[in-house]
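Numbering (our numbering), first residue to last: 1174 to 1330. Cβ coordinates follow ideal geometry from the N, Cα and C atoms, glycine included. This structure is a prediction, so every number in the text was calculated from the model and none was measured. Read through the structure below, which is laid out as structure tokens, and then see the notes.
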Amino acid sequence: MNTELDVLRLVQDVDWVVGSFVANRNGELLAYQMPSEFGEAELGRTTTRLASIVRSAELCGVDVEHCDFSFSRYQLVVNRCAAGMLCVLVEAPVSRPALNMATRLALAELPALISELEAEREPTAVAVLPQCELNVAPLEWPLEHFGITDAPRLPRN
1174 MNTELDVLRL VQDVDWVVGS FVANRNGELL AYQMPSEFGE AELGRTTTRL ASIVRSAELC
1234 GVDVEHCDFS FSRYQLVVNR CAAGMLCVLV EAPVSRPALN MATRLALAEL PALISELEAE
1294 REPTAVAVLP QCELNVAPLE WPLEHFGITD APRLPRN
């Protein structure tokens, strides 16, 4: 059994857990163990959005370590560590103490798992475009047009 399944299985063993998935700090989906109705593309979009929500909160001075999202009959429980996030999809009757204990165990293994998964990933191909020169003449607007009357003038070439 591979390492990512070991970590995900820790939370899967809790009753009423539907599935779980792991993403890095940038919101890139790295591993998942979910029912087939949740596709990889949807999970990837979800992790990207979660990372965006976390960044927005951090820009507002809120440190996010744990958050819950409720929708339909499910709850998405998101736990973060320095390396990334562990997301667990549960149904309402889940035992929170059991889930918290399993999540703490999984989070202890998460940084090593994420660094291992990122090392195994193929590097993303980045297209390098040739540089082009722009031959655009500068605008010749007088400073007075912008309401500036007392600015020092720069010598022209």
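The residues ASP1241 and VAL1263, in chain order, have a CB closer than 6 Å to that of GLN1248 in the same chain once the five nearest residues on each side in sequence are set aside.
In the DSSP annotation of this structure, the continuous segment of the beta strand (DSSP E) that includes GLY1192 starts and ends at 1190 to 1197. Its chain contains LEU1183, VAL1184, ASP1186 and VAL1187 as the residues whose beta carbon lies nearer than 7 Å to that of ALA1275, once the 5 sequence neighbours on both sides are disregarded; these appear in chain order. With contacts defined by Cβ atoms closer than 9 Å, LEU1278 and ALA1204 do not form a contacting pair. MET1258 sits in a strand when the DSSP states are folded into three classes. A distance below 8 Å between beta-carbons, with the five flanking residues on each side excluded, links GLY1217 to the following residues of its chain, in chain order: GLU1201 and LEU1202. By the criterion of a C-beta distance shorter than 8 Å, LEU1223 is surrounded in its chain by ALA1196, GLY1200, VAL1251, MET1258 and CYS1260, once the five residues flanking it on both sides are discounted. Here VAL1180 is not near LEU1272, since their CB atoms are 9 Å or more apart. For the set SER1193, ARG1198, THR1220 and GLY1234, the Cα lying nearest the Cα of SER1209 is the one of SER1193.
Pairing ALA1255 with PRO1284 gives a Cβ-Cβ distance under 9 Å. Excluding its 5 nearest sequence neighbours in each direction, ALA1230 has C-beta neighbours in its own chain below 7 Å: VAL1237, listed in chain order. Here SER1225 carries a helix assignment [DSSP, helix/strand/coil]. A Cβ-Cβ separation of about 22 Å leaves VAL1227 out of contact with ARG1269 under the 8 Å criterion. In this structure, LEU1178 places its C-beta atom within 9 Å of the C-beta atom of GLN1206.
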